[in-house]
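Novice:
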Amino acid sequence: MTKKQLYIIIGVIVIIALGFLLASFLISRQNIGTATEKPNTFANFFPFGQNTPNQTTPTNQNQTVTTNVVNVTEGEKFFPILRQITEKPTAGLFSYNKSGNTYVEYTEKETGNIYEVKMEDMSATRLSNSLITRVHEAIFGNDGKSVIMRYVKTNSDSITSFVLDLSRINRGVEATTTTPTLPTGKFLASEILDMKTSSDAKKIFYITKSGDFNNRTAVGSIFDFQKNTSSDVFLSQFSEWLPVSFDGSAALLQTKASQKVPGYLYSFTIKTGNMQKIIGDIKGLTTLPSPDNQKILYSASTLGGVTLHLYNRKDSSTKDIPIQTLPEKCVWKKDNISIYCAVPNPLPSGEYPDGWYQGITSFEDNIWKIDATTGKAISIFVPRSLTNSPIDMTSMILSPSEDFLFFINKRDSSLWAFDLLNGESE
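Okay, so the sequence shown: first residue is 1158 according to the numbering used here, each after it adds one.
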């Protein structure tokens, strides 16, 4: 073979190789833009502004739950039916309607600042500055014009309760037009054990302890938000009382719950001072009265678990509810018939309610709905269909129009909302 023939063969090989490289490059260029992109997990969970169609995800053979997004007409935005409103720990919440819109108001634990979120577009506004930090609990009253901040003072183990006047706060306006307000207020009695807002939110009933360790008594008092005054109305040699309902004329008082101790629920009439037992001698008793106080949702401790029941004061009848949860994880609708409950899936074996109170046990909940007339319960939503984070629901409230269910995740105190209008399936 001559050198000329060798050069020709090498040249042909080089040309063929270059041809293959060019063809490969052109094919890859054509595929760009048609390849399937990996889903954006964060965007799918909070798909704000995306044109994502509604989907349905079956959660069991008898249930279909609407998931993903709901169309919001303002600004062509889309929001998931399960929404995490804030990741920061929340001390308390309150909901109101204004100009046809639903708002949720909440207090940050760390700063004590108060924020509101408009649910129709998820816009957030800071309403107040606060000099109170590390708030343990915030209880709103007086139609949101007042809030009781409960916190532990520095170098102290006792909880201090301070009433903030929020009447000067401008609510329900655009964030750019609102300047945070520094509220004023007054201290309530020291050593308040627990409190309950009245059904009209104008007053609050609270329990304090009096006397020394060997002669401890419980004192029940009423604070009037509008008059800014307190008055003592109740005295008991038994000191372990919790107010679970207060309608202004009567308070329902429950003994503190523990798995091994029989519990009782009494009605205390303010005017006469009369105490009447409603239910009792039930170990681990915890209760949630209906808005009219005529029905009592209650749980009883069993070996390793709990049972749920419904007591009707009118006819003294009791229904067994076929789910396992605690009344503290439920909320009544205004019709005194429907109850929304967070139900552990499943309920771990343990001592209840003690283990849950103490944080020994945490739950992963689904949302159920109970019919108090029939005693039937149905599952309406499985949070795992939208988030990988387990949610242990507590502090549940409904918006005034009952289109949103708000709750705090006990695991991290984050605030969440479930869109009942679009997410509830029956």
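Each residue gets a CB set at the ideal place from its N, CA and C atoms; glycine is no exception.
(1) Count the other C-beta atoms from every protein chain shown that fall within 10 angstroms of the C-beta of Leu-1460, then say buried if there are 16 or more, exposed otherwise.
(2) Around the Cβ of Ser-1313, are there at least 16 other Cβ atoms within 10 angstroms (buried) or fewer (exposed)?
(3) Could you check the C-alpha separation between Gly-1512 and Ser-1519 for me, to the nearest Å?
(4) Going by other Cβ atoms of all chains shown within 10 Å of its Cβ, with 16 needed for buried, is Gln-1433 buried or exposed?
(5) DSSP on Asp-1576, reduced to helix/strand/coil?
(6) Taking only the alpha-carbon atoms, compute the straight-line gap between Asn-1579 and Tyr-1272 and give it to the nearest angstrom.
(7) With a threshold of 8 Å, are at least 3 pairs of Cβ atoms found where one atom belongs to the stretch 1385-1403 and the other to the stretch 1346-1359?
(8) Is Trp-1398 near Ile-1436, with beta carbons less than 8 Å apart?
(9) Excluding the 5 residues flanking Leu-1504 on each side, which residues of the same chain have their C-beta closer than 6 Å to its C-beta?
(10) Is Glu-1244 helix, strand or coil when you go by DSSP?
(11) Out of Thr-1544, Met-1550, Ile-1548 and Ile-1524, point me to the one whose CA is closest to Phe-1538's CA.
(12) Could you give the DSSP three-state label for Asp-1528: helix, strand or coil?
(13) Can the beta-carbon of Ser-1424 be found less than 8 Å from the beta-carbon of Gly-1441?
(14) Classify Lys-1486 as helix, strand or coil using the three-state DSSP reduction.
(15) Within 8 Å (strictly less), CB to CB, does Asp-1528 reach chain C?
(16) At the level of alpha carbons, what is the spacing between Ser-1387 and Glu-1348?
(17) Please list, in chain order, all residues of the same chain as Ile-1494 whose beta carbon is under 8 Å from its beta carbon, the five residues on each side excluded.
(18) Count the other C-beta atoms from every protein chain shown that fall within 10 angstroms of the C-beta of Lys-1533, then say buried if there are 16 or more, exposed otherwise.
(19) What is the DSSP secondary structure of Asn-1254, counted as helix, strand or coil?
(20) Counting along the chain, where does the alpha helix (DSSP H) carrying Gly-1298 start and finish?
(21) Within the same chain, show all residues whose beta-carbon is closer than 8 Å to that of Asp-1569, passing over the 5 residues directly before and after it, in chain order.
(22) Could you check if Phe-1575 is buried or exposed, using at least 16 other CB atoms within 10 Å of its CB as the buried criterion?
(23) Return the chain-ordered list of same chain residues with a C-beta closer than 7 Å to the C-beta of Glu-1508, the five sequence neighbours on each side being excluded.
(24) Got a sec, what are the start and stop residues for the beta strand (DSSP E) Asp-1381 sits in?
(25) In the stretch 1421-1452, which residue ranges form an unbroken beta strand (DSSP E) of at least 3 residues, counting only runs that do not cross its ends?
(26) I'd like to check one pair, Gly-1329 with Phe-1251: are the Cβ atoms closer than 8 Å?
(27) Starting from Gln-1351, follow the beta strand (DSSP E) in both directions and report where the run begins and ends.
(28) Nearest-angstrom Cα distance between Arg-1373 and Ser-1367?
(29) For Glu-1262 and Phe-1297, which I take to be in contact (beta-carbon distance under 8 Å), what is that distance rounded to the nearest angstrom?
(30) Mark Gln-1218 as exposed unless 16 or more other C-beta atoms lie within 10 angstroms of its C-beta, in which case mark it buried.
(31) Have a look at the DSSP bridge pairing and note the partners of Phe-1403.
(32) Please go through the same chain and pick out, in chain order, the residues whose beta-carbon is closer than 6 Å to the beta-carbon of Lys-1567, but skip the five residues on each side of it.
(33) Quick one: using the 10 Å Cβ neighbour count with 16 as the cut-off for buried, is Phe-1344 buried or exposed?
(34) Looking at the strands, I want to know which residues DSSP matches up with Tyr-1363.
(35) Out of curiosity, what's the CA-to-CA distance linking Arg-1240 and Ile-1361?
(36) Closest to Ser-1285 by C-alpha separation, out of Ser-1315, Ser-1447, Leu-1555 and Asn-1327, would be which residue?
Specialist: Once the coordinates are examined:
(1) The residue is exposed, with fewer than 16 neighbouring Cβ atoms inside 10 Å.
(2) Burial call: exposed.
(3) Between Gly-1512 and Ser-1519, the C-alpha separation is close to 8 Å.
(4) Exposed is the call here.
(5) Of the three classes helix, strand and coil, the one that applies to Asp-1576 here is strand, per DSSP.
(6) 25 Å
(7) Short answer: they touch.
(8) no
(9) Cβ-Cβ distances below 6 Å link Leu-1504 to Gly-1462 and Gln-1481 in the same chain, with the five nearest sequence neighbours on each side left out; the list follows chain order.
(10) Three-state result, Glu-1244: coil.
(11) Ile-1524
(12) strand
(13) no
(14) helix
(15) In the structure shown, chain C cannot be found, because there is only a single protein chain.
(16) 15 Å
(17) Asp-1528, Ala-1529 and Thr-1530
(18) Exposed, because fewer than 16 other Cβ atoms sit within 10 Å of the Cβ of Lys-1533.
(19) strand
(20) It is not in any alpha helix (DSSP H) - Gly-1298 instead sits in the beta strand (DSSP E) that spans 1292-1298.
(21) Here the set comprises Glu-1244 and Pro-1246.
(22) With 16 or more other Cβ atoms within 10 Å, it is buried.
(23) Only Gln-1416 meet the Cβ criterion.
(24) DSSP places Asp-1381 inside the beta strand (DSSP E), whose first and last residues are 1374-1381.
(25) With a minimum length of 3 residues, the continuous beta strand (DSSP E) runs that stay inside the stretch 1421-1452 are 1432-1440 and 1443-1446.
(26) no
(27) For the sequence presented, residue 1351 should be read as Asp rather than Gln. Run containing Asp-1351: 1349-1354, per the beta strand (DSSP E) assignment.
(28) 6 Å
(29) 7 Å
(30) Note that Gln-1218 scores 28 on pLDDT, short of 50, meaning its location in the model is unreliable and no value can be drawn from it.
(31) Ala-1408
(32) Around Lys-1567: Asp-1549 and Thr-1551.
(33) exposed
(34) Met-1352 and Ser-1378
(35) A straight line joining the alpha-carbon of Arg-1240 with that of Ile-1361 spans about 31 Å.
(36) Asn-1327
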